[in-house]
Amino acid sequence: MRYDFPPTPSCCGRALLASLAICFLVCDNSAVAQNSSAPDDQLHIHSFERQELTDVYYSEGIAVGDINGDQQPDIVYGPHWYAGPEFKRANEIYPATPQPREKYADKFFAWIYDFDSDGHNDVFTVGFPGTPAHVYRNPGPEALQRHWTKHEVFDWVSNESPHFTQLVGDDRPELICTRDGFFGYATIDWTQPFKKWHFHPISQQVAPKRFGHGLGVGDVNGDGRADVIHSRGWLEQPASLSDRWAPHDAVFGERGGAEIHAYDVDGDGDNDIITSEAAHEFGLSWYEQTDGPESRRFKKHLIMGDHPSDNDFGVLFSELHSVALADVDGDGLKDIVTGKTYWSHHKQSPMWDAGAVVYWFKLARESTGPKWTPMKVDGDSGIGRQVCVADVNRDGLLDIATGGMLGANVLLHQSRPASPQEYLAHLPKPYSGPKRRSLAESRIRRGPPVDRDLDGKVPDAIEGENLNATVTAGTARPQDMRGFKAGKWSGDSHLWWTGGRPGDRLSLPLNFLGKPRAVELSLTCARDYGIVEIAIDDHPISSPIDLFSEDVVSTGQLTFATGQLKPGPHTLTIEIVGANASAVKSYMVGLDYLRFVGRNIREPDNSVIPKTRSGSELNADFESGTLEGWEATGTAFNGLPVEGDSVNRRRSDMFSRHFGKYWLGTFEASGDAAQGTLTSEKFVAAHRFASFMVGGGKGDGTRV
Numbered sequence: 043m044r045y046d047f048p049p050t051p052s053c054c055g056r057a058l059l060a061s062l063a064i065c066f067l068v069c070d071n072s073a074v075a076q077n078s079s080a081p082d083d084q085l086h087i088h089s090f091e092r093q094e095l096t097d098v099y100y101s102e103g104i105a106v107g108d109i110n111g112d113q114q115p116d117i118v119y120g121p122h123w124y125a126g127p128e129f130k131r132a133n134e135i136y137p138a139t140p141q142p143r144e145k146y147a148d149k150f151f152a153w154i155y156d157f158d159s160d161g162h163n164d165v166f167t168v169g170f171p172g173t174p175a176h177v178y179r180n181p182g183p184e185a186l187q188r189h190w191t192k193h194e195v196f197d198w199v200s201n202e203s204p205h206f207t208q209l210v211g212d213d214r215p216e217l218i219c220t221r222d223g224f225f226g227y228a229t230i231d232w233t234q235p236f237k238k239w240h241f242h243p244i245s246q247q248v249a250p251k252r253f254g255h256g257l258g259v260g261d262v263n264g265d266g267r268a269d270v271i272h273s274r275g276w277l278e279q280p281a282s283l284s285d286r287w288a289p290h291d292a293v294f295g296e297r298g299g300a301e302i303h304a305y306d307v308d309g310d311g312d313n314d315i316i317t318s319e320a321a322h323e324f325g326l327s328w329y330e331q332t333d334g335p336e337s338r339r340f341k342k343h344l345i346m347g348d349h350p351s352d353n354d355f356g357v358l359f360s361e362l363h364s365v366a367l368a369d370v371d372g373d374g375l376k377d378i379v380t381g382k383t384y385w386s387h388h389k390q391s392p393m394w395d396a397g398a399v400v401y402w403f404k405l406a407r408e409s410t411g412p413k414w415t416p417m418k419v420d421g422d423s424g425i426g427r428q429v430c431v432a433d434v435n436r437d438g439l440l441d442i443a444t445g446g447m448l449g450a451n452v453l454l455h456q457s458r459p460a461s462p463q464e465y466l467a468h469l470p471k472p473y474s475g476p477k478r479r480s481l482a483e484s485r486i487r488r489g490p491p492v493d494r495d496l497d498g499k500v501p502d503a504i505e506g507e508n509l510n511a512t513v514t515a516g517t518a519r520p521q522d523m524r525g526f527k528a529g530k531w532s533g534d535s536h537l538w539w540t541g542g543r544p545g546d547r548l549s550l551p552l553n554f555l556g557k558p559r560a561v562e563l564s565l566t567c568a569r570d571y572g573i574v575e576i577a578i579d580d581h582p583i584s585s586p587i588d589l590f591s592e593d594v595v596s597t598g599q600l601t602f603a604t605g606q607l608k609p610g611p612h613t614l615t616i617e618i619v620g621a622n623a624s625a626v627k628s629y630m631v632g633l634d635y636l637r638f639v640g641r642n643i644r645e646p647d648n649s650v651i652p653k654t655r656s657g658s659e660l661n662a663d664f665e666s667g668t669l670e671g672w673e674a675t676g677t678a679f680n681g682l683p684v685e686g687d688s689v690n691r692r693r694s695d696m697f698s699r700h701f702g703k704y705w706l707g708t709f710e711a712s713g714d715a716a717q718g719t720l721t722s723e724k725f726v727a728a729h730r731f732a733s734f735m736v737g738g739g740k741g742d743g744t745r746v
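Residue numbers (this note's numbering): 43 to 746.
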């Protein structure tokens, strides 16, 4: 009951056996090539019309295949199957429960296959990573209005791009995934397909135990056997399954993407690798296989990165959590089909609120090398964890089915002849916008820690969370930092800017009464923070500052000369200029505090504390918290030294401006008119000069 399709599984009802790398096993489109191919001088414009199946979130995956035995493709999304070719009525497989968008669905993937060979296609589902997999047995056309019997067949499926395709043995499929940190595959006892499947680990315990990104199946070394590909290499299938799967190291993606495909992109006879770079961030690449069998290497070619200039046509979107490979236009070359997995990490992913786009990237082999041209399919449907490419209405053109947070849609493919002028007008225009800024001068800067006052704040500082910031993208708001124990923040909080991208700015209006010559500030560092540049009135005062850190910490106090600024209004801006190569590309920024100083930047303190005749240091800076080593007379020095800025605690418009943690302030302890002397013990005058810091009031009459 599978409309002239061979018995191979797919989210699309059929697999293209010549390309075992694809998880969303794409329909063999030789008919497409015959039906839609035009004479050499005839060009076609391809477009897609969206048909919504539902706007309810039920699943991250979607599948296409014949459910009711009428030889027409149907669509399965979560608890429902939709009869083709109309796809209008939702028929329940199991009780339908809308899934919470603030969390995740209990179904992530679906494949359609006749497991018990009774002539009726069943539905195989994989849920949230680390949960069991189930087969829903098709009761047959006469009973499709009833709920289907559910069978748990595997206890623990991990990796967010599992495959259900032929890997070993005969032409029947296996489940390829990870389990408890092992790469491997699960085989089925075809005499009892609804009993528990058996897992065969093929690696050491090197994969994430529950989640993990990036997985593929394909012949990497050209020996005719399908290998298992992951983001850090590939596992070579042995000639005999009793032998060890040989691991090979390689880098296929920054942090692991989605489905990984093996395909001869450049036509040189060996398979290259196609993958998204990071499932919840940016990047789409193909890795060219170079050298010979004894030394396989892979050269990265970026198709789309995290800046518009990374793509020849300026296309940019994030969250490529599913990547399919199919010959969309019937020219004999496989194209990439992908899109934005909308809300894949809710608001944590960069550009999370950008358009829910779907694209196909047309492959052409030109004299200068492979070229990928991005063609927009839709701007509102997005994709889930599983995009399915299939001819759902049997018109000879490959359509696209998507399911995810925004519900389920089928994007119906249309093609029409076009003149050369029409065709060229339809193509995307080459990118001519701003280029990515050079980050050659960026560096990780760290300054000294600054003592905080008794109230937990840096003395005389403007707290970042109290500033009225405006941003060109995203939001800036206070964030409580008490939960991050590796660093310290003034007031246990900072101004947190999220949702920005390279080129975006955070602006802070300031009004100076004096003439500051320097700014002291502290920023937050973490693995998902960006590289920033600071300017005042559009004049940069810093080189790019790299805020990458594996731990959430502070930069410490950084000091930058501003030149002498005139009194009055000014604007300080923090511009995102990029991110560290090892960073999660979320481009976050955190400002702890600002402090402007109306003096030249203090040079590093190379002074020494004087020593007594016995060789011990004199308690000259009172950082012992006592008057040890001094003799006090009168009442002026009773109860001293003072800890922290007691002046500011008493009057918010004044500051002690002391250095260090402790200082002497006779008014703080004894009020006005107290008198006395303070005499140190004798010390050795070992240097030509001595200096001390003393303060007083604003006018001559109040100064010492």
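Just so you know, even glycine gets a beta-carbon here, dropped at the ideal spot from N, CA and C.
- Closest option to G445, judged by alpha-carbon separation, among H86, P115, Y119, F90: Y119.
- Put simply, the stretch 390-407 does not touch the stretch 332-344. Fewer than three CB pairs are less than 8 Å apart.
- Looking at the backbone, the Cα of P350 and that of Y629 are separated by about 15 Å.
- For the pair M346 and P416, the Cα-to-Cα distance works out to about 10 Å.
- Here G489 is not near R559, since their CB atoms are 8 Å or more apart.
- Sequence-distant partners of K251 (beyond 5 residues in either direction) whose C-beta falls short of 7 Å from its own C-beta, in its chain, are S200, D222, G223.
- Residue environment analysis places V631 among the buried positions, since at least 16 neighbouring C-beta atoms fall within 10 angstroms of its C-beta.
- With a cut-off of 8 Å on Cβ pairs, the stretch 449-456 is not in contact with the stretch 318-330, counting fewer than three such pairs.
- By the neighbour-count definition (other C-beta atoms within 10 Å, threshold 16), W232 is an exposed residue.
- In the DSSP annotation of this structure, E665 is not part of any alpha helix (DSSP H), being labelled neither H nor E.
- Secondary structure at Y99: coil, using DSSP grouped into helix, strand and coil.
- A direct Cα-to-Cα measurement between K238 and G126 gives close to 32 Å.
- Burial state of T383 is buried, judged by a 10 Å Cβ sphere holding 16 or more other Cβ atoms.
- I302 is bridged by DSSP to G258.
- Contact check for T317 and G254: beta-carbon distance about 14 Å, past the 8 Å limit, so the pair fails to qualify.
- Going by beta carbons, F170 and F150 fall inside the 8 Å limit.
- Taking the Cα of G605 as reference, the smallest distance to any Cα among N622, I578, L589 is reached at I578.
- Excluding five sequence positions before and after N690, the CB atoms of its chain that fall closer than 6 Å to its own CB belong to F697, given in chain order.
- Non-local C-beta neighbours of W705 in its own chain, meaning closer than 8 Å and more than five positions away in sequence, comprise F664, P683, V684, S698, ordered along the chain.
- R519 and P215 have their C-alpha atoms some 51 Å from each other.
- In this structure, I442 lies away from F403, with their beta-carbon atoms at least 8 Å apart.
- The beta carbon of K557 is closer than 7 Å to those of Q606, L607, K608, P609, G640 in its chain, skipping five residues each way along the sequence.
- If you compare the alpha carbons of K703, L589, G620, V595 with that of G545, the shortest gap goes to G620.
- In the three-state scheme derived from DSSP, where H, G and I count as helix and E and B as strand, E673 is classed as strand.
- In this structure P137 does not touch Y99 by the C-beta definition: roughly 16 Å separates them, more than the 8 Å allowed.
- Residue pairing of K192 in beta bridges, as defined by DSSP: Y178.
- Of the residues E659, A288, G266, A281, the one whose Cα lies closest to the Cα of F225 is A288.
- Among the bridge pairs identified by DSSP, W538 is matched with R519, G632.
- Contact between S549 and T601 is absent: CB atoms are separated by about 21 Å, not below the 8 Å threshold.
- By the 16-neighbour rule on beta-carbons within 10 angstroms, I616 is buried.
- Here the C-alpha atom of V434 lies approximately 6 Å from the C-alpha atom of P115.
- Per DSSP, the beta bridge partners of G445 are A450.
- Note: Q93 is bridge-paired with V452 in the DSSP secondary-structure output.
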